[in-house]
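Undergrad: Got a structure here, written out as structure tokens. Questions coming.
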Amino acid sequence: MVMEYNMPLYRPPSEAESLIIQATHGCSANDCAFCYMYKGKKFRIRRVPEIKADIDWCAQQYRGVTRVFLADGDALVIRASQLLEILEHLYQKFPRLERVTSYANPLNLIVKPQSQLDAIRKAGLTMLYYGVESGDPQVLKQVKKKGDPESMAVGIDKAHAAGFAVSVTVLLGLAGRAGTDAHADHTAALLNRLQPEYASALTLMLGPLEPVFAKSMGPGFQFLDKQETLAELRRLIAGLELRNTVFRTNHASNWLPLKGTLNRDKDALLKTIDRARSDPRLLRKDEWRGL
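So, in structure tokens, the structure goes:
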């Protein structure tokens, strides 16, 4: 038996060195107008014996695994009892394993009782990647994102109560030209409420979904250009009041890679953005951008 990935396969930038185990195929919340990652996949929760077989094969092939990422779009959708069984098997087969991470979505955290989240965290799922996208409820509704700012806050509060580290992502350009200020301001306010351990900004890249997305946003929608995207990023960071959050824009979709701890490095990040807006040589070339 050889493990074969169901493609395409995605993972966060910080999981570049992690072993990827597919617990699901696709994403249970596959309606988001801005995301085409899993549009070609029919969502399926894989059977536990399938997943265990992949883990067994990997344990024979790879020694010293310390990090595992559970793909695809939201492994936390799996029934708690099954997820506990998967986690137990991972730690049995990889004795040096230090962390296991996965994506989560608003519904996952709202639906699962606190006791189940506590048990999953205790079993070794250590960090959740969570797509906030925007703090503007109108924008979330327009792009068909399941959840609103309040439900997101409730869910992440539950995750923090269980002991999870949370890494949230927001999406620059999501509200277009007319909504850019409100998008930045509402998103900053939500992140200030959430106080995540990690936060990342990605830039809207739609590929084949661009016409459909523009239509869903209503007549007159205009995409942000490079300078407007940097201005939105600057406004977002300026509005953040975070106690100890690692902030990054190292995703390949972004023109300007940044990394700092907020709020300690806020002024330095803002100055870097200001320099980049006046010196295009500091920006990533368009042909190097991607998802």
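If you number the sequence shown the way this note's numbering does, the last residue is 1060 and the count never jumps.
From the three backbone atoms N, C-alpha and C, an ideal C-beta is built for every residue, glycine too.
This one's a predicted model, so the numbers in the text were calculated from it and none came from an experiment.
With distances taken from CA atoms, which of Gly904, Glu784, Leu1052, Asn961 is nearest His955?
TA: Position 186 of the sequence shown holds residue 955. Out of Gly904, Glu784, Leu1052, Asn961, Gly904 has the C-alpha closest to the C-alpha of His955.
Undergrad: On the three-state DSSP scale, how would you describe Ala986?
TA: Indexing the sequence shown from 1 puts residue 986 at position 217. The question names Ala, but residue 986 in the sequence shown is Met. Looking at Met986 - three-state DSSP - the assignment turns out to be coil, as it is neither helix nor strand.
Undergrad: Just list the alpha helix (DSSP H) runs in the region 805 to 874, keeping only unbroken ones of 4 residues or longer that don't cross its boundaries, in chain order.
TA: Within the region 805 to 874, the complete alpha helix (DSSP H) runs of at least 4 residues are 817 to 830, 849 to 862.
Undergrad: Could you check if Thr835 is buried or exposed, using at least 16 other CB atoms within 10 Å of its CB as the buried criterion?
TA: If you number the sequence shown from 1, residue 835 lands on position 66. Exposed, since its Cβ has fewer than 16 Cβ neighbours within 10 Å.
Undergrad: In whole angstroms, what separates the C-alpha of Ile1006 from that of Ala785?
TA: Numbered from 1 along the sequence shown, position 237 holds the residue referred to as residue 1006. Numbered from 1 along the sequence shown, position 16 holds the residue referred to as residue 785. Near 26 Å, if we compare the C-alpha coordinates of Ala785 and Ile1006.
Undergrad: If the criterion is Cβ atoms closer than 9 Å, does the pair Leu941 and Phe803 meet it?
TA: In the sequence shown, the residue the question calls residue 941 occupies position 172. In the sequence shown, the residue the question calls residue 803 occupies position 34. No. Outside cutoff.
Undergrad: Under the assumption that Leu876 contacts Gly916 (Cβ atoms under 8 Å), give the Cβ distance between them as a whole number of angstroms.
TA: Locating residue 876 in the sequence shown gives position 107, where the first residue counts as 1. Locating residue 916 in the sequence shown gives position 147, where the first residue counts as 1. So it is a contact: roughly 7 Å between Cβ atoms.
Undergrad: Among all the DSSP beta bridges, which residues are the ones paired with Phe803?
TA: Taking the first residue of the sequence shown as position 1, residue 803 is located at position 34. According to DSSP, Phe803 bridges with nothing at all.
Undergrad: Could I get the ranges of all uninterrupted beta strand (DSSP E) runs contained in the region 881 to 959, with 3 residues as the minimum, in chain order?
TA: Fully enclosed beta strand (DSSP E) runs of 3 or longer: 894 to 902, 934 to 941.
Undergrad: State whether the region 968 to 979 contacts the region 789 to 806, with contact taken as three or more CB pairs (one from each stretch) at a distance under 8 Å.
TA: Touching, yes, given that three or more Cβ pairs across the two stretches are closer than 8 Å.
Undergrad: Tyr774: buried (16+ other C-beta within 10 angstroms of its C-beta) or exposed?
TA: Mapped onto the sequence shown, residue 774 falls at position 5. Tyr774 is exposed by the Cβ-count criterion.
Undergrad: Using 9 Å as the threshold, is the C-beta distance between Ile790 and Ala840 below it?
TA: Here the question's residue 790 lines up with position 21 in the sequence shown. Here the question's residue 840 lines up with position 71 in the sequence shown. Contact flag set, yes.
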